[in-house]
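Undergrad: Quick one: the structure is below, and I'll ask about it shortly.
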Amino acid sequence: MEQRRILGILSRYIILLIFALGNLKLIYIIFTPLTIYPVYWILSLIYDDVLLVQQNSLILSSIEIELVAACIAGSAYYLLFFLNLSTPMRKRQRILSLIFLISSFLIVNIIRIVSFSIFYAESLNVERIHVFFWYLVSTFLVVFIWFSSVKLFSVESLPVYTDLSFIMKSILPGKTKPKVFKLKNT
260 MEQRRILGIL SRYIILLIFA LGNLKLIYII FTPLTIYPVY WILSLIYDDV
310 LLVQQNSLIL SSIEIELVAA CIAGSAYYLL FFLNLSTPMR KRQRILSLIF
360 LISSFLIVNI IRIVSFSIFY AESLNVERIH VFFWYLVSTF LVVFIWFSSV
410 KLFSVESLPV YTDLSFIMKS ILPGKTKPKV FKLKNT
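Residues 260 to 445 in this note's numbering are what the sequence shown lists, from first letter to last.
And the structure:
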């Protein structure tokens, strides 16, 4: 049982390492079209003159809107993916949590991009709002989505810490074992 759990821990962290070593390229390959096409579709419902140019640009009311990598927010997806895989969970719990994390962030990100595109097309000064969202709201959003997942799926472990605690307990079986911290739902 212990060896199986250690192998599970190693496999989760190897997957995380593979994603990180790819410089998040796979995340952008997946989430760029999943973000841009819904944004294009929603804006097309609102405006008659929306064009999709290349794979990352829209023309809206004669204004080009380029969705750069930061708009797609690959790092946020990776952080949510990291939190999910670095936390011990049952298989079903992990899959449902991951689906919730990714779909929640994708939906909110699409709404954010559509909103800023509309503000920009309507000649509203969005620079300050954009910077505010970029530096503050986006961080809180990722944290909020993670804690929502923890609550919704009754996650009782901490990312990284619970795994390290278990490994230390396994390596030092005869010595004082570190206490494994688990969150309790109230």
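Cβ coordinates follow ideal geometry from the N, Cα and C atoms, glycine included.
With a threshold of 8 Å, are at least 3 pairs of Cβ atoms found where one atom belongs to the segment 340–360 and the other to the segment 410–419?
TA: Segments in contact, yes.
Undergrad: According to DSSP, is residue 446 part of a helix, a strand, or is it coil?
TA: Outside the shown range of the chain, which is 260 to 445, sits residue 446, and nothing can be said about it.
Undergrad: Could you compute how far the alpha carbon of residue 290 sits from the alpha carbon of residue 331?
TA: Against the sequence shown, residue 290 aligns to sequence position 31. Against the sequence shown, residue 331 aligns to sequence position 72. Going from the Cα of residue 290 to the Cα of residue 331 covers about 7 Å.
Undergrad: Using the Cβ count rule (16 or more neighbours within 10 Å means buried), how would you classify residue 333?
TA: For the purposes of this step, residue 333 is taken as the residue at position 74 of the sequence shown. Buried.
Undergrad: Would you kindly check if the distance between the Cβ of residue 301 and the Cβ of residue 364 is under 8 Å?
TA: Working through the sequence shown from its first residue, we reach residue 364 at position 105. Working through the sequence shown from its first residue, we reach residue 301 at position 42. Not in contact: residue 364 and residue 301 (Cβ atoms no closer than 8 Å).
Undergrad: My parser needs the alpha helix (DSSP H) runs of 4 or more residues fully inside the segment 350–428; what are they?
TA: Those alpha helix (DSSP H) runs which fall completely within the segment 350–428 and span 4+ residues are 350–380, 386–391 and 397–411.
Undergrad: Within its chain, find whatever has a CB closer than 8 Å to the CB of residue 315; leave out the 5 residues flanking it on each side and keep chain order.
TA: Locating residue 315 in the sequence shown gives position 56, where the first residue counts as 1. Hits under 8 Å: 291, 295, 325, 326 and 327.
Undergrad: From residue 425 to residue 417, what distance separates their C-alpha atoms?
TA: Position 166 of the sequence shown, counted from the first residue, corresponds to residue 425. Position 158 of the sequence shown, counted from the first residue, corresponds to residue 417. Between residue 425 and residue 417, the C-alpha separation is close to 12 Å.
Undergrad: What is the rounded straight-line gap between the Cα of residue 298 and the Cα of residue 272?
TA: For the purposes of this step, residue 298 is taken as residue 39 along the sequence shown, with counting starting at 1. For the purposes of this step, residue 272 is taken as residue 13 along the sequence shown, with counting starting at 1. Between residue 298 and residue 272, the C-alpha separation is close to 33 Å.
Undergrad: Please classify residue 380: is it buried, with 16 or more other beta-carbons within 10 angstroms of its beta-carbon, or exposed?
TA: As a first step, residue 380 is located in the sequence shown; it is residue number 121 there, counting from the start. Label assigned to residue 380: buried.
Undergrad: Could you please give the first and the last residue of the uninterrupted alpha helix (DSSP H) stretch that includes residue 270?
TA: In the sequence shown, the residue the question calls residue 270 occupies position 11. Segment 261–280, the alpha helix (DSSP H) holding residue 270.
Undergrad: Classify residue 321 as helix, strand or coil using the three-state DSSP reduction.
TA: Taking the first residue of the sequence shown as 1, we reach residue 321 at position 62. Here residue 321 sits in coil by DSSP.
Undergrad: Alpha carbon to alpha carbon, how far is residue 312 from residue 361?
TA: Here residue 312 is taken as the residue at index 53 of the sequence shown, counted from 1. Here residue 361 is taken as the residue at index 102 of the sequence shown, counted from 1. Approximately 26 Å between the Cα atoms of the pair.
Undergrad: Buried or exposed for residue 310, going by 16 or more other Cβ atoms inside 10 Å?
TA: On the sequence shown, residue 310 is found 51 positions in, with the first residue counted as 1. So residue 310 counts as exposed.
Undergrad: Could you round the C-beta distance between residue 305 and residue 377 to whole angstroms and report it? I think they count as a contact, below 8 Å.
TA: Counted from its first residue, the sequence shown places residue 305 at position 46. Counted from its first residue, the sequence shown places residue 377 at position 118. Yes, they are in contact, since the Cβ atoms of residue 305 and residue 377 sit about 7 Å apart, within 8 Å.
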